[in-house]
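A.B. asks: One structure, pasted below without further comment.
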Amino acid sequence: MTLIRHTLYMTLRHLRELWRQPWFVAVTLVQPVIWLLLFGALFKRVIEIPGFHSHSYIAFLAPGVVVMTALFNSAWSGMSLIDDLGRGVTARFLVSPVRREALIAGRILKEAVVVVIQSLIIVVLALIVGASFPGGVGGVAALFAVSALLGATFGALSNGFALIMRQEEALIGAVQFIVLPLTFLSTTFLAATLIPGWMRSVSNVNPVNWAVVAGRTATSAHPDWGVVASRAGFLAALLVVCLAFATNAFRSYQRSV
3 MTLIRHTLYM TLRHLRELWR QPWFVAVTLV QPVIWLLLFG ALFKRVIEIP
53 GFHSHSYIAF LAPGVVVMTA LFNSAWSGMS LIDDLGRGVT ARFLVSPVRR
103 EALIAGRILK EAVVVVIQSL IIVVLALIVG ASFPGGVGGV AALFAVSALL
153 GATFGALSNG FALIMRQEEA LIGAVQFIVL PLTFLSTTFL AATLIPGWMR
203 SVSNVNPVNW AVVAGRTATS AHPDWGVVAS RAGFLAALLV VCLAFATNAF
253 RSYQRSV
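Every position in the sequence shown, counted from 1, becomes a number in this note's numbering once 2 is added.
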């Protein structure tokens, strides 16, 4: 119970910090809207390609944009940790009663909360511009859940990198090296039948694609819940690995101060 209470305390602290930056909040909420409208207009003729089995590109794209937003925002989570390390905030928390695990878990939970809020905005906008999600509320909830899992996973990974690198430039390079290839080696923008075979093979082991496939399947007219559950399970397993990585990195940081 103490760990849960401390984690919630740290989560609220990080959310308050975010709320005190209105311009950042505005950009964070508006950015996925721009992506949905921009990519939706740019690739809308894709539905005319033989083999593309969707009548609305916005409906096809929306789950991908939800996942992409979760990935992009959470991958930068380590930047605020580097800032806290530089200002001595983290060192001060180390001499406080707050559980050490909560210092990392609070940041990761904050990312999941932000992802859900952004996802809700994207889905509402997609509905406004004519998309439909036959999977209903349950399908949309599953989309939110897998996106939050992905966000928490890459939030943990980013914080682990931040604790090891402790330099913004190094983290920026690492994030860009990971995020962009994972995005474009997935079915975010195109159906699996329309991408090269080697990319399709890579996408099968791509966590971003796991989330996209799970979210898109859950919101379809005939959801295959076995597919959704398996991809969510893969993401949950990867989250455990990334949490272990971040925890070990934090212990290494503790020993160095």
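The beta carbon of each residue, even a glycine, is placed where N, CA and C say it ideally should be.
1) Just the C-alpha distance for Ile180 and Gly199, rounded to the nearest angstrom, thanks.
2) So Arg233 packs on Val215, CB below 8 angstroms; how close in whole Å?
3) Looking at the structure shown, is Ala133 part of a helix, part of a strand, or coil, going by DSSP?
4) Under the rule that 16 or more other beta-carbon atoms within 10 Å means buried, what is Ile119, buried or exposed?
5) Note down, in chain order, each residue of its chain lying with its Cβ closer than 7 angstroms to the Cβ of Ala238, except the 5 sequence neighbours on either side.
6) Put Gln33 into one of helix, strand or coil per three-state DSSP.
7) Check whether chain C comes within 9 angstroms of Phe95, counting only Cβ atoms and requiring the distance to be less than that.
8) Taking the alpha-carbon positions, what's the Phe95 to Arg101 distance?
9) Output the boundary residues of the alpha helix (DSSP H) element that contains Ser160.
10) Does Pro209 pass the burial test, meaning 16 or more other C-beta atoms within 10 Å, or should it be called exposed?
11) Identify every run of the alpha helix (DSSP H) within the region 167-252, keeping only runs that are complete inside it and at least 4 residues long; order them along the chain.
12) With a threshold of 8 angstroms, are at least 3 pairs of Cβ atoms found where one atom belongs to the region 80-99 and the other to the region 166-176?
13) With 16 other CB atoms within 10 Å as the buried threshold, where does Ala248 fall?
14) Can you tell which of Ile84, Gln23, Val67 and Val32 has the C-alpha that lies nearest to the C-alpha of Phe163?
15) Which residue's Cα is closest to the Cα of Ala107: Ser258, Val242, Tyr255 and Leu182?
16) Look at the alpha carbon of Pro225 and the alpha carbon of Ala193, and state the distance between them as a whole number of angstroms.
C.D. replies: Here's the rundown:
1) Here residue 180 refers to the residue found at position 178 of the sequence shown. Here residue 199 refers to the residue found at position 197 of the sequence shown. One C-alpha to the other measures close to 21 angstroms.
2) Taking the sequence shown and counting its residues from 1, one reaches residue 233 at position 231. Taking the sequence shown and counting its residues from 1, one reaches residue 215 at position 213. Contact flag correct, Cβ pair sits at about 6 angstroms.
3) Within the sequence shown, numbered from 1, the residue matching residue 133 stands at position 131. Assignment of Ala133 by DSSP, reduced to helix, strand and coil, places it in the coil class.
4) By 1-based counting over the sequence shown, the position of residue 119 is 117. With fewer than 16 Cβ atoms within 10 Å of its Cβ, Ile119 is classed as exposed.
5) Sequence index remark: in the sequence shown, residue 238 carries index 236 (1-based). Residues Leu151 of the same chain have their beta carbon placed closer than 7 angstroms to that of Ala238, with the five preceding and five following residues left out of the count.
6) Locating residue 33 in the sequence shown gives position 31, counting from the first residue. Looking at Gln33 - three-state DSSP - the assignment turns out to be helix.
7) Any reference to chain C falls outside this structure, which holds one protein chain only.
8) Taking the first residue of the sequence shown as position 1, residue 95 is located at position 93. Taking the first residue of the sequence shown as position 1, residue 101 is located at position 99. The straight-line gap from Cα to Cα measures roughly 9 angstroms.
9) Taking the first residue of the sequence shown as 1, we reach residue 160 at position 158. Run containing Ser160: Gly138 to Met167, per the alpha helix (DSSP H) assignment.
10) Position 207 of the sequence shown, counted from the first residue, corresponds to residue 209. Buried, since its Cβ has 16 or more Cβ neighbours within 10 Å.
11) 170-186, 199-205 and 209-220
12) yes
13) Stepping through the sequence shown from its first residue, residue 248 is reached at position 246. Counting Cβ neighbours within 10 Å, Ala248 comes out buried, since at least 16 surround it.
14) Here the question's residue 163 lines up with position 161 in the sequence shown. Of Ile84, Gln23, Val67 and Val32, the residue nearest in Cα terms is Ile84.
15) For the purposes of this step, residue 107 is identified with residue 105 of the sequence shown, where counting begins at 1. When only C-alpha atoms are compared, the closest one is Val242.
16) The residue you call residue 225 lines up with position 223 of the sequence shown. The residue you call residue 193 lines up with position 191 of the sequence shown. For Pro225 and Ala193, the distance between alpha carbons rounds to 16 angstroms.
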